[in-house]
Each structure stands twice: as structure tokens, then as C-alpha cells.
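S.K.:
In the working numbering, the protein residues as written are -12 to 135.
(1) Quick one: give me the first and last residue of the alpha helix (DSSP H) that residue 131 is part of.
(2) CA-CA distance, residue 102 and residue 5?
(3) Is the Cβ-Cβ distance between residue 133 and residue 25 less than 9 Å?
(4) If distances are taken between C-alpha atoms only, which option among 39, 67 and 113 comes closest to residue 130?
(5) Under a Cβ-count criterion, where at least 16 other Cβ atoms within 10 Å of its own Cβ denotes burial, should residue 51 be classed as buried or exposed?
(6) Helix, strand or coil for residue 90? Go by DSSP, reduced to three states.
(7) Assign residue 27 to buried or exposed, taking buried as 16 or more other Cβ atoms, counted over all protein chains shown, within 10 Å of its Cβ.
(8) How is residue 32 classed by DSSP in three states: helix, strand or coil?
(9) When you compare each of 32, 80, 87 and 72 to residue 120 by their alpha carbons, which one comes out closest?
(10) Could you work out which residue in 115, 95 and 86 is closest to residue 21 when comparing CA atoms only?
(11) Looking only at its chain, what residues have a beta carbon closer than 6 Å to the beta carbon of residue 45, apart from the 5 residues adjacent to it on each side?
(12) Please state the DSSP three-state secondary structure of residue 73.
(13) Classify residue 36 as buried or exposed, calling it buried when 16 or more other Cβ atoms lie within 10 Å of its own Cβ.
(14) Pick helix, strand or coil for residue 5, following the three-state DSSP scheme.
So this is what it looks like as C-alpha cells:
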């Protein structure tokens, strides 16, 4: 009898050690920020295009921050900032315009930038530059959320 109990105890111990633990809880979805790009990307390349937008927006914010730390910043007007965005997109996307492929993306981002930054092309103040950086960081976050 004690042999049977020992065998059952060993089997129970092995079962206890090999059973799966509690499943990892599913992370709560991130709430949308100021800009929600969920559903703005469509088609076969949606996730890739969202990743491109996120990376590009993050890089633009980095460039603006870096430029302001130099002795002679070149991004001092709204026109210069818009040219940076346009040229960066052309280089990164090989001339492809994601806004044409994803018109809802273009509408939402355009509305957001107009609301946050306006559309004046003249000189920009340090406060305005920090708003440009914050806006691009929000676009980066929104595009990253859209991938998930």
C-alpha cells in the first residue's frame, strides 16, 4: 500500500510541476491620445505603413529637437518645418505618398496638425517648436497604437 501511495505522490508531484501556470494577462488596450489613427490605415500594407508613419514622426521630432541645440538652427520657420516633413517623407517612402493610399490618415493627421500648430509659414518661437515636437510625438504614438 505504501508503495502505491509513493507512486501516486510522485505522479502528483510531476503533474504539479509540469502543469502550466496562470496565463499572462492580456494587456489593457492603450486609450487613444489626442490623435486616434485606429482604422486610418487600410489594406495589405496597413501595419507596415503605420510603422513608417510612427518612425518618420519620431525622427522628425528628434530632428527638430537636435536642430534647436545647434549654434545656428535652420528650422526657424513654419515653411522650413514643412519642407523637412515633405522631404523626409519623400526620402523615406521613395516618393510614395501614404496619404493618397490612406486618405483617412491624411485627413486625421492634417486636421490634428492644423488644430495644434496652425498653418502659418513664418518664424516660429521656441514654444511653437516644442509644440511641433509634441505633435510629432503624438503622431508617433497614435501610429504605433494603430499597429496593435
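For glycine and all other residues, C-beta sits at the position ideal for the given N, C-alpha and C.
Bear in mind that the values here come from a model prediction, so they are computed numbers and not experimental data.
M.R.: The structure says:
(1) Translated into the one-based positions of the chain shown, residue 131 becomes position 144. Its alpha helix (DSSP H) spans residues 113 to 134.
(2) Locating residue 102 in the chain shown gives position 115, counting from the first residue. Locating residue 5 in the chain shown gives position 18, counting from the first residue. Whole-angstrom Cα-Cα distance: 56 Å.
(3) On the chain shown, position 146 is the one that residue 133 refers to. On the chain shown, position 38 is the one that residue 25 refers to. Yes, they are a contact pair.
(4) The residue labelled residue 130 in the question sits at position 143 within the chain shown. Of 39, 67 and 113, the residue nearest in Cα terms is 39.
(5) The sequence position of residue 51 within the chain shown is 64, counting from 1. Label assigned to residue 51: buried.
(6) Walking along the chain shown from the start, residue 90 turns up at place 103. Looking at residue 90 - three-state DSSP - the assignment turns out to be helix.
(7) For the purposes of this step, residue 27 is identified with residue 40 of the chain shown, where counting begins at 1. The residue in question, residue 27, is buried, as its Cβ has 16 or more Cβ neighbours within 10 Å.
(8) Residue 32 sits at position 45 when you count from the first residue of the chain shown. Correct three-state label for residue 32: coil.
(9) For this step, residue 120 is matched to residue 133 along the chain shown. The candidate whose alpha carbon is nearest that of residue 120 is 72.
(10) Here residue 21 refers to the residue found at position 34 when the chain shown is read from its first residue. Nearest C-alpha to residue 21: 95.
(11) Translated into positions along the chain shown, residue 45 becomes position 58. Excluding residues within five positions, the ones whose Cβ falls inside 6 Å are 127.
(12) Numbered from its first residue, the chain shown carries residue 73 at position 86. In the structure shown, residue 73 sits in a helix (DSSP, three-state: H, G or I).
(13) Residue numbering aside, residue 36 sits at position 49 when the chain shown is read from its first letter. Label assigned to residue 36: buried.
(14) If you number the chain shown from 1, residue 5 lands on position 18. Note: residue 5 maps to helix in three-state DSSP.
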